[in-house]
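13 is the number of the first residue of the sequence shown in our numbering; add one for each residue after it. Every residue, glycine too, gets a C-beta built ideally from N, C-alpha and C. Since we're looking at a predicted model, the values are computed, not measured. Quick notes on the structure that follows.
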Amino acid sequence: MDTPARLTIRRPDDWHVHLRDGAVLAGVAPHTARQFARAIVMPNLSPPVTTVAAARGYRERIVAAAPGFTPLMTAYLTDATDAGELVRGQAEGVFAAAKLYPANATTGSAHGVNDIARLMPVLAAMEKIGLPLLIHGEVTDSAVDIFDREAVFIERHLAGIVRELPGLKVVFEHITTAQAVDFVESAGANVAATITPQHLHLNRNALFEGGIRPHAYCLPVAKREVHRLALRRAATSGSAKYFLGTDSAPHAVSAKEAACGCAGIFNAAYALESYAAVFEEEDALGRLEAFASQNGPAFYGLPRNEGTVTLVREDHVVPDIIEAGGTPIVPFHAGETLRWKIA
Ligand code: DOR
Ligand code: ZN
13 MDTPARLTIR
23 RPDDWHVHLR
33 DGAVLAGVAP
43 HTARQFARAI
53 VMPNLSPPVT
63 TVAAARGYRE
73 RIVAAAPGFT
83 PLMTAYLTDA
93 TDAGELVRGQ
103 AEGVFAAAKL
113 YPANATTGSA
123 HGVNDIARLM
133 PVLAAMEKIG
143 LPLLIHGEVT
153 DSAVDIFDRE
163 AVFIERHLAG
173 IVRELPGLKV
183 VFEHITTAQA
193 VDFVESAGAN
203 VAATITPQHL
213 HLNRNALFEG
223 GIRPHAYCLP
233 VAKREVHRLA
243 LRRAATSGSA
253 KYFLGTDSAP
263 HAVSAKEAAC
273 GCAGIFNAAY
283 ALESYAAVFE
293 EEDALGRLEA
303 FASQNGPAFY
313 GLPRNEGTVT
323 LVREDHVVPD
333 IIEAGGTPIV
343 PFHAGETLRW
353 KIA
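The structure is reproduced here in structure tokens:
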């Protein structure tokens, strides 16, 4: 297929983003709002967003940072989560979903869930009211190889949750493996997945290319090439089960380039352009709109956005650093040339 010089799609959404708070929020939120009408906002602040009141306050701060943008708020599940708070948050139009971090699986997950079995009554309440469960799917067992932690999570936890609560809407977030794709394929329409740009572009070699590369490090960590290829097939397949979720996770350069660097890739600034490169390479530009603008709202039961965004075929070099409210952050694709640009 000849590549068109312009591509206009319905305005997309980002179904998984970390916007942080304070000055960094003010610096990063406009990058997301430039491309996306709405976003599912992760609650792993410090302290985490566990209550309706906290989510409401955070939502106001996001809108102040990016007027016109619609943040969709999530509740952070803990061992002490009260189902009543989730029910009330949904009824009051605050919570669009709840996020399950296994305790200590990743950045900002120290207050996450230690015993998923004990959370089942809360998940059952979510099933009843139709509140989607968003899952960081990695076991935290240090005896499990870090590259196997997603696949083992499916066996130890996710399969059981989906079996016991067949009506629960589940988004398997930022999937990184062929096993995750297989699981999502084999499950019902109530189980979907988000896929990040980095996991479509990078395999685990990127972490060690000529030296250790902290800006390619996020969790779940990138896997072998065979997995990247499975993710590319899934994202570009046209299946309604996959949708755009950047997992953009900004950290200061100093926190990344350190003896114990933070997990997270800041991809918000050129996210749509990054996905477009993948869809073009897979000869699937005609399916970008479904992935970016249709499948997510269909799963969440929300209307599609009005309006459009146009990408033009124009080479541009991604900056080495983006200043976000005084914090220097290295963006995904820093120094690389991207072929698509938002008009
Ligand atoms: O790489 C990651 N960074 N993965 C996560 O799950 C959390 C995120 C963050 O908040 O920095
Ligand atoms: Zn995330």
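Notebook entry, point to check: Under 7 Å from any heavy atom of the ligand MN, does the C-beta of residue 272 make it?
Noted result: The ligand MN is absent from the structure shown, which contains only the ligand DOR and the ligand ZN.
Item checked: C-alpha distance - residue 364 paired with residue 214, whole-angstrom precision -> The chain is shown from 13 up to 355; residue 364 falls before or after that span and cannot be answered.
Next item on the list: Might you give, ordered along the chain, the residues of its own chain that have their beta carbon closer than 8 Å to the beta carbon of residue 216, omitting 5 neighbours on each side?
Entry: 159, 233, 234, 235, 236
Margin query: Would residue 135 and residue 173 qualify as a contact pair, given that the criterion is a beta-carbon distance under 8 Å?
Written below: yes
Next item on the list: From the DSSP output, read off the bridge partner residues of residue 260.
Entry: 29
Next item on the list: Reducing DSSP to helix, strand and coil, say where residue 318 ends up.
Entry: Reduced to three states, the DSSP call for residue 318 is coil.
Check: For the ligand ZN, is there a heavy atom less than 7 Å away from the beta-carbon of residue 328?
Finding: no
Note to self: In the DSSP assignment, the alpha helix (DSSP H) including residue 353 goes from what residue to what residue?
What the structure shows: Segment 349-354 is the beta strand (DSSP E) holding residue 353; no alpha helix (DSSP H) there.
Margin query: Quick check: does the Cβ of residue 28 come within less than 7 Å of any heavy atom belonging to the ligand ZN?
Written below: yes
Notebook entry, point to check: Less than 8 Å separating the beta-carbons of residue 349 and residue 294?
Noted result: In this structure, the beta-carbon distance from residue 349 to residue 294 does not fall below 8 Å.
Next item on the list: Please check the pair residue 297 and residue 19, which I expect to be a contact at CB under 8 Å, by giving their CB distance rounded to whole angstroms.
Entry: With a Cβ gap of about 6 Å, residue 297 and residue 19 count as contacting.
Next item on the list: Identify the continuous alpha helix (DSSP H) that holds residue 287 and give its terminal residues.
Entry: 283-293
Notebook entry, point to check: Just reading off the beta strand (DSSP E) that residue 50 is part of, what are its end residues?
Noted result: 50-53
Note to self: Measuring straight from C-alpha to C-alpha, what distance separates residue 179 and residue 148?
What the structure shows: 19 Å
Margin query: Taking the straight line between their C-alpha atoms, what separation do you get for residue 59 and residue 189?
Written below: 31 Å
Checklist line | Close beta carbons around residue 181, own chain, < 6 Å, minus the five adjacent residues each side | finding: 144, 202
Check: When we look at the beta-carbon of residue 186 and count the other beta-carbons within 10 Å, is it buried (16 or more) or exposed?
Finding: buried
Notebook entry, point to check: From 354, 302, 52, 102, pick the residue whose C-alpha is nearest to that of residue 142; which is it?
Noted result: Its Cα nearest to that of residue 142, the residue 102 stands out among 354, 302, 52, 102.
Note to self: So residue 269 and residue 352 are supposed to be a Cβ contact under 8 Å. How far apart are they, rounded?
What the structure shows: Contact flag wrong, Cβ pair sits at about 29 Å.
Next item on the list: State buried or exposed for residue 211, treating a residue as buried only when at least 16 other CB atoms are found within 10 Å of its CB.
Entry: buried
Check: Should residue 320 be labelled buried (16 or more other beta-carbon atoms within 10 Å of its own) or exposed?
Finding: exposed
Checklist line | Beta-carbon gap between residue 250 and residue 302 smaller than 8 Å | finding: Taking 8 Å as the Cβ cut-off, residue 250 and residue 302 qualify as a contacting pair.
Note to self: Quick check: the Cα distance between residue 326 and residue 291, rounded to an integer number of angstroms?
What the structure shows: 16 Å
Check: Does the beta carbon of residue 54 fall short of 7 Å from some heavy atom of the ligand ZN?
Finding: Within the cutoff, so yes.
Next item on the list: Tell me, to the nearest whole angstrom, how far the beta carbon of residue 87 is from that of residue 133; I am working on the premise that it is less than 8 Å.
Entry: Going by Cβ atoms, the distance from residue 87 to residue 133 rounds to 15 Å, so no, they are not a contact pair.
Item checked: Ordered list of beta strand (DSSP E) runs contained in the region 121-155, each at least 3 residues -> Taking only runs of at least 3 residues, the beta strand (DSSP E) segments lying wholly in the region 121-155 are 145-147.
Notebook entry, point to check: Leaving out the 5 sequence neighbours to the left and right, which residues in its chain are closer than 6 Å to residue 48 when beta-carbon positions are compared?
Noted result: 24, 25, 26
Check: When you compare only the Cα positions, how much space is there between residue 78 and residue 355?
Finding: 19 Å
Margin query: Just to confirm, is the Cβ distance from residue 93 to residue 124 under 8 Å?
Written below: Between residue 93 and residue 124, the C-beta spacing is not below 8 Å.
Next item on the list: Give a yes or no on whether the C-beta atoms belonging to residue 343 and residue 281 are separated by under 8 Å.
Entry: Note that the C-beta distance between residue 343 and residue 281 is below 8 Å.
Notebook entry, point to check: Is DSSP giving residue 194 helix, strand or coil here?
Noted result: In the structure shown, residue 194 falls within a helical segment according to DSSP collapsed to helix, strand and coil.
Next item on the list: To the nearest angstrom, report how far apart residue 276 and residue 261 are at their CA atoms.
Entry: 5 Å
Notebook entry, point to check: Unbroken alpha helix (DSSP H) runs of length 4 or more, entirely within the region 195-258: which are they?
Noted result: 209-213, 237-247
Next item on the list: Run the proximity test for residue 339: is its beta-carbon closer than 7 Å to any non-hydrogen atom belonging to the ligand DOR?
Entry: Result no, Cβ not under 7 Å from the ligand DOR.
Notebook entry, point to check: Got a sec: does the ligand ZN put a non-hydrogen atom nearer than 7 Å to the Cβ of residue 227?
Noted result: no
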